[in-house]
Each structure stands twice: as C-alpha cells, then as structure tokens.
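If you're matching positions, the sequence shown starts at 1169 in this note's numbering and goes up one per residue. Glycine residues also receive a C-beta, built at the ideal position from the N, C-alpha and C atoms.
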Amino acid sequence: MSDPVVPLTLEGAAVLHQMFRIRWDEWRALDAHSRHVALEEAREWLQTKEGAEGGEQSAAYAMLGHKGDLMLLHFRRDFTGLLEAEQNVRQARI
C-alpha cells in the first residue's frame, strides 16, 4: 500500500480537484493511434508530477458513482501553481 496523499507542508498546500466525465462514444470513435498518443501524453505528464518534490504533486484517481469518471488532484504551493496545472491539463489531448 502506498503512502496516502497529504499536504506538503505544516501550513498546508493549495489544492485543486479536477473531475472529468469521459465521453466514451467519442473516445471509442478515435483510431487506436490517436488514443495511444493521448494516453502516452497524459501518462508522461502524470509521471513527472506523482511523487514530485518541491510542492508540485498531482495524481489521477478513478471515481465511483455518477459525478464523473476521473479525478485529478493537484497540490501546489500557491494558487498560481494550481492555475498552471489546470491549464496544462486543459491543453492536453486527453
């Protein structure tokens, strides 16, 4: 079992929860190469942020229930860092 995600400092951290619903029909309509490229881009970005040092951690979680399919949880030292994380995700193919 991995260590739970906790705030990065005694003072805490700025936190952003991004929740997404996957449009499965649109995803399945993509060709295999396009899906692979999008997933690889997302995987590479997440690998750099999961367990990162210096207060810039992000992680992906599957969601249960009707609220969505995927949640990205971002910890940053300030809200500017959260804005950058949000924009990075928004620009991704996935």
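In the DSSP assignment, alanine 1197 falls within the unbroken alpha helix (DSSP H) covering 1192 to 1197. From the listed residues Met1187, Leu1207, Asp1246, Ala1182, the smallest Cα separation to aspartate 1237 is found for Met1187. A straight line joining the alpha-carbon of alanine 1181 with that of glutamate 1224 spans about 10 Å.
Around the beta carbon of arginine 1196, fewer than 16 other beta carbons lie within 10 angstroms, which makes this residue exposed. Taken through DSSP and simplified to helix, strand or coil, alanine 1182 comes out as strand.
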